[in-house]
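Going by this note's numbering, the sequence shown opens with residue 2, and the numbers climb by one from there.
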Amino acid sequence: MKPDNYPQQPSHIWEHFYQFTQIPRPSKHEQAVRQYVIDQAEALGHRWQCDAVGNLVVYVPATPGMESSGTVIIQNHLDMVTVKTEDKQHDFFRDPLSLAISDGWLHADRSTLGADNGVGCAAALALMTDDSVAHPPLELLFTIDEETGLVGASELDASMLSGERMLNLDTEDWNELYIGCTGGGGWSFTRTFKTELPASNLSYFSLSLKGLAGGHSGIQIHQQLGSAIKLLVDFLQSIEQVQLVHFKAGVAHNVIPREGEVIFACPSSEAEHLPEILDKLIQQWLGYLPAADHGLSAALETADPAAGLSVEDSTLLLDLLAAFPHGAQSYNLEQPADLVDLSINLACVELSEGQLELESSLRFFNAEQAIPLRRSVESLARLAGLQVEPKAGYPGWQPDFGSPLLAKAKALHQRLFGIEPAVKAIHAGLECGILKSKKPDVDILSFGPTIRAAHSPSERLEIATVAPFWQLLTALLAEM
Numbered sequence: 002m003k004p005d006n007y008p009q010q011p012s013h014i015w016e017h018f019y020q021f022t023q024i025p026r027p028s029k030h031e032q033a034v035r036q037y038v039i040d041q042a043e044a045l046g047h048r049w050q051c052d053a054v055g056n057l058v059v060y061v062p063a064t065p066g067m068e069s070s071g072t073v074i075i076q077n078h079l080d081m082v083t084v085k086t087e088d089k090q091h092d093f094f095r096d097p098l099s100l101a102i103s104d105g106w107l108h109a110d111r112s113t114l115g116a117d118n119g120v121g122c123a124a125a126l127a128l129m130t131d132d133s134v135a136h137p138p139l140e141l142l143f144t145i146d147e148e149t150g151l152v153g154a155s156e157l158d159a160s161m162l163s164g165e166r167m168l169n170l171d172t173e174d175w176n177e178l179y180i181g182c183t184g185g186g187g188w189s190f191t192r193t194f195k196t197e198l199p200a201s202n203l204s205y206f207s208l209s210l211k212g213l214a215g216g217h218s219g220i221q222i223h224q225q226l227g228s229a230i231k232l233l234v235d236f237l238q239s240i241e242q243v244q245l246v247h248f249k250a251g252v253a254h255n256v257i258p259r260e261g262e263v264i265f266a267c268p269s270s271e272a273e274h275l276p277e278i279l280d281k282l283i284q285q286w287l288g289y290l291p292a293a294d295h296g297l298s299a300a301l302e303t304a305d306p307a308a309g310l311s312v313e314d315s316t317l318l319l320d321l322l323a324a325f326p327h328g329a330q331s332y333n334l335e336q337p338a339d340l341v342d343l344s345i346n347l348a349c350v351e352l353s354e355g356q357l358e359l360e361s362s363l364r365f366f367n368a369e370q371a372i373p374l375r376r377s378v379e380s381l382a383r384l385a386g387l388q389v390e391p392k393a394g395y396p397g398w399q400p401d402f403g404s405p406l407l408a409k410a411k412a413l414h415q416r417l418f419g420i421e422p423a424v425k426a427i428h429a430g431l432e433c434g435i436l437k438s439k440k441p442d443v444d445i446l447s448f449g450p451t452i453r454a455a456h457s458p459s460e461r462l463e464i465a466t467v468a469p470f471w472q473l474l475t476a477l478l479a480e481m
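Below you can see the structure in the form of structure tokens.
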């Protein structure tokens, strides 16, 4: 059900976005939302086409008088990140989102909102369904499975597209125009450890950490948000003769880990000191973590004895996790200091019954700059006896400050809103890099309304930025 104060204008965007929030659309499960788009197209008699993996293009004829203008591609992805707080009962494969509005922001109840990239999808549909909009021929491209590694764009059949100009609507800061994005890659690591039966001189505990902000491992990596993995390791390395039984933290390669739990054993003589150690560390952490992480909470409880790693293997694994790089590695020398050139996210750790799985991802503008980081990560993993499986990477989108599309959008933004927009590149893996590699001659620009805390349960959309975003989009198309 819509909140009583759900926004009304621009009506077509807000209605389509609401429908997107009511249709489950996890990555790899976009069938229902894709059908919604197809139904909208067929109701208006528009042709559409899907490729072999499920990417969809809807072909919208030009409005009268603009038939001779060149075709414009409008590009978005259908899927959303599915993250919720532990206390939220929600099935992302079945349940609609529950929406609320507070202080000018639209958000979901303790889960991701899917404004990334649902609001862009809604704008693309609004261009089709709002007959007051003037535009050239449009190719509305809806890709699938973006959030798990830009899979849809990577497998796109580019022969479905003819446009030589493209607007991507997947960036998240209003009054900013984006002309570049990072490439990326990553790894999964595995190892099987021997386990030992419980010993009588050991005490067993569980520690869970919750309340960190988490967030997008690209556009928020410079904010120095806390990692549940790193904090849990910090605690465990403060205990003598610790033995790991279970370790689980992180949900996806592109999300900064916000929650985690460990089960461990230590000599019974150490047990009485654990609350004091934890309290001291929490105070230390809060002394340097950003305000967004100050909801951190910890629960230390006794646990049942269980087989775990030896002290030696536990030490090895904790040393690996402590030494594993995480966060911004270098910054751009020309752009503002918050533009990261190279970063890495230690995303997921799971240790269960001696089976270890790690996942990490990296982002870069210059692939060659990332080579030393790749080598150091893989060397560290091999030293710890891990099997290394690199994941398929994807290209970046190198900024083009001479873009005609950029020049037109800058001038139009200045004329409409009286301010010059910032021109930026984004430290995130937009599909633009892949699409540019498939269609090298396409001129690309990306912009969108303001979204905060994407990929986290705090994700929210600033309502006041949607109307001007729509105004710029429609005015830009009208002048093409």
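C-beta: ideal position from N, C-alpha, C; glycine also.
- Message: Quick check on DSSP: helix, strand or coil for Q221?
- Response: Numbered from its first residue, the sequence shown carries residue 221 at position 220. It is coil, neither helix nor strand.
- Does DSSP classify E421 as helix, strand or coil? By 1-based counting over the sequence shown, the position of residue 421 is 420. Coil at E421, not helix or strand.
- Per DSSP, what kind of secondary structure is R453 in: helix, strand or coil? Residue mapping note: residue 453 aligns to position 452 of the sequence shown, counting from 1. Of the three classes helix, strand and coil, the one that applies to R453 here is strand, per DSSP.
- Taking three-plus beta-carbon pairs below 8 Å as touching, is the region 398-408 in contact with the region 27-42? Taking 8 Å as the limit for Cβ pairs, the verdict is that the region 27-42 does not touch the region 398-408.
- Task: Compare the beta carbon distance of A266 and A200 with 9 Å and say whether it is the shorter of the two.
- Result: For the purposes of this step, residue 266 is identified with residue 265 of the sequence shown, where counting begins at 1. For the purposes of this step, residue 200 is identified with residue 199 of the sequence shown, where counting begins at 1. Remark: C-beta atoms of A266 and A200 approach each other more closely than 9 Å.
- Leaving out five residues on either side along the sequence, give the residues of the same chain with a beta carbon under 8 Å from the beta carbon of G186. As a first step, residue 186 must be located in the sequence shown, where it is residue number 185. The beta carbon of G186 sits closer than 8 Å to those of S362, L363, A371, R375, P391, K392, A393, G394 and Y395, all from its chain and outside the five residues before and after it, given in chain order.
- Message: Please tell me whether E173 and R453 are closer than 9 Å, where the distance is taken between their beta carbons.
- Response: Reading the sequence shown from its first residue, position 172 is the one you call residue 173. Reading the sequence shown from its first residue, position 452 is the one you call residue 453. Going by C-beta atoms, E173 is nearer than 9 Å to R453.
- Message: What does the Cβ neighbour count give for D117, buried or exposed, with the cut at 16 atoms within 10 Å?
- Response: Locating residue 117 in the sequence shown gives position 116, where the first residue counts as 1. Counting Cβ neighbours within 10 Å, D117 comes out buried, since at least 16 surround it.
- Backbone secondary structure at H247 - three-state DSSP: On the sequence shown, position 246 is the one that residue 247 refers to. Assigned with DSSP and collapsed to three states, H247 falls in strand.
- Query: If Q76 sits next to E302, beta carbons under 8 Å apart, how far is it from one beta carbon to the other, in whole angstroms?
  - Reply: The sequence position of residue 76 within the sequence shown is 75, counting from 1. The sequence position of residue 302 within the sequence shown is 301, counting from 1. Your pair Q76 and E302 does not check out as a contact, with CB atoms roughly 48 Å apart and the cut at 8 Å.
- Item | Distance CB(S311)-CB(E241) smaller than 9 Å | On the sequence shown, residue 311 is found 310 positions in, with the first residue counted as 1. On the sequence shown, residue 241 is found 240 positions in, with the first residue counted as 1. No; because the gap between Cβ atoms is not below 9 Å, this pair is not in contact.
- Message: Considering only their Cβ atoms, is the gap separating V59 from D146 smaller than 9 Å?
- Response: Mapped onto the sequence shown, residue 146 falls at position 145. Mapped onto the sequence shown, residue 59 falls at position 58. Not a contact, by the Cβ cut-off of 9 Å.
- For E360, is the classification buried or exposed, using 16 other Cβ atoms within 10 angstroms of its Cβ as the cut-off for buried? Residue mapping note: residue 360 aligns to position 359 of the sequence shown, counting from 1. Per the 10 Å Cβ criterion, buried.
- Start and end of the alpha helix (DSSP H) containing Q32? Residue 32 sits at position 31 when you count from the first residue of the sequence shown. Per DSSP, Q32 belongs to the alpha helix (DSSP H) from Q32 to A44.
- Query: Taking Cβ to Cβ, would you say L178 is nearer than 9 Å to L478?
  - Reply: The sequence position of residue 178 within the sequence shown is 177, counting from 1. The sequence position of residue 478 within the sequence shown is 477, counting from 1. No, these two residues do not count as a Cβ contact at 9 Å.
- Query: Rounded to the nearest angstrom, how far is the Cβ of N176 from that of P422, given a contact under 8 Å?
  - Reply: Counting from 1 along the sequence shown, the entry for residue 176 is found at position 175. Counting from 1 along the sequence shown, the entry for residue 422 is found at position 421. At roughly 5 Å, the Cβ-Cβ gap stays under 8 Å, so N176 and P422 are in contact.
- Report yes if the CB atom of C349 is closer than 9 Å to the CB atom of H254, and no otherwise. Indexing the sequence shown from 1 puts residue 349 at position 348. Indexing the sequence shown from 1 puts residue 254 at position 253. Cβ distance < 9 Å, so C349 and H254 count as in contact.
- My understanding is that I257 touches L226, with C-beta atoms under 8 Å, so please give their C-beta distance in whole angstroms. One-based indexing of the sequence shown puts residue 257 at position 256. One-based indexing of the sequence shown puts residue 226 at position 225. About 5 Å separates the two Cβ atoms, so the contact holds.
- Task: Determine which residues share a DSSP beta bridge with Q356 and list them.
- Result: Locating residue 356 in the sequence shown gives position 355, where the first residue counts as 1. DSSP, once it has assigned bridges, lists T193 and S353 as partnering Q356.
- Pick out whichever of F21, D88 and L203 has its Cα sitting closest to the Cα of H78. Mapped onto the sequence shown, residue 78 falls at position 77. For H78, the closest alpha carbon among the candidates F21, D88 and L203 is that of F21.
- Is it buried or exposed for F567, if we count other Cβ within 10 angstroms and need 16 for buried? Outside the modelled stretch of the chain, which goes from 2 to 481, sits residue 567, for which no answer is possible.
- Message: Quick check: what's the CA-CA separation for Y19 versus D442?
- Response: Here residue 19 refers to the residue found at position 18 when the sequence shown is read from its first residue. Here residue 442 refers to the residue found at position 441 when the sequence shown is read from its first residue. The alpha-carbon of Y19 is positioned some 35 Å away from that of D442.
- Query: How far does the beta strand (DSSP E) with N77 in it reach, from first residue to last?
  - Reply: In the sequence shown, the residue the question calls residue 77 occupies position 76. Run containing N77: V73 to H78, per the beta strand (DSSP E) assignment.
- Which first and last residues belong to the beta strand (DSSP E) in which L211 is found? The residue labelled residue 211 in the question sits at position 210 within the sequence shown. Residue 211 is actually Lys in this sequence, not Leu. That run of the beta strand (DSSP E) goes L203 to K211.
- Close Cβ partners of M67 (< 7 Å) along its chain, the five nearest in sequence each way excluded: The sequence position of residue 67 within the sequence shown is 66, counting from 1. Only A135, H136 and P137 meet the Cβ criterion.
- Query: In chain order, what residues of the same chain lie with their CB nearer than 6 Å to the CB of C51, ignoring the 5 residues before and after it?
  - Reply: Counting from one through the sequence shown, the residue named residue 51 turns up at place 50. Excluding sequence neighbours, C51 sits near L57.
- Message: Going by DSSP, what residue range makes up the alpha helix (DSSP H) through N118?
- Response: Position 117 of the sequence shown, counted from the first residue, corresponds to residue 118. That run of the alpha helix (DSSP H) goes A116 to T130.
- Message: For L352 and S380, what's the separation of their Cα atoms in angstroms?
- Response: Taking the first residue of the sequence shown as 1, we reach residue 352 at position 351. Taking the first residue of the sequence shown as 1, we reach residue 380 at position 379. Rounded to whole angstroms, L352 to S380 spans 21 Å at the Cα level.
- Message: Quick check on DSSP: helix, strand or coil for K281?
- Response: Taking the sequence shown and counting its residues from 1, the one referred to as residue 281 is at position 280. Helix.
- Task: Pick helix, strand or coil for I372, following the three-state DSSP scheme.
- Result: Counting from 1 along the sequence shown, the entry for residue 372 is found at position 371. Per DSSP, reduced to three states, the secondary structure at I372 is helical.
- Message: Spatial neighbours of W460 within its chain, please: C-beta separation below 6 Å, excluding the five flanking residues on both sides.
- Response: If you number the sequence shown from 1, residue 460 lands on position 459. The amino acid occupying residue 460 in the given sequence is Glu; Trp does not appear at that position. Close CB contacts of E460 within its chain, under the 6 Å cut and outside five residues either way in sequence, are with T113, L114 and A454 (chain order).
- Who does G184 pair with in a DSSP beta bridge? Position 183 of the sequence shown holds residue 184. The partner list for G184 (beta bridge, DSSP) reads F365.
- Proximity of G181 and K3 at Cβ, strictly below 9 Å: The residue you call residue 181 lines up with position 180 of the sequence shown. The residue you call residue 3 lines up with position 2 of the sequence shown. No, Cβ-Cβ distance for G181 and K3 is not below 9 Å.
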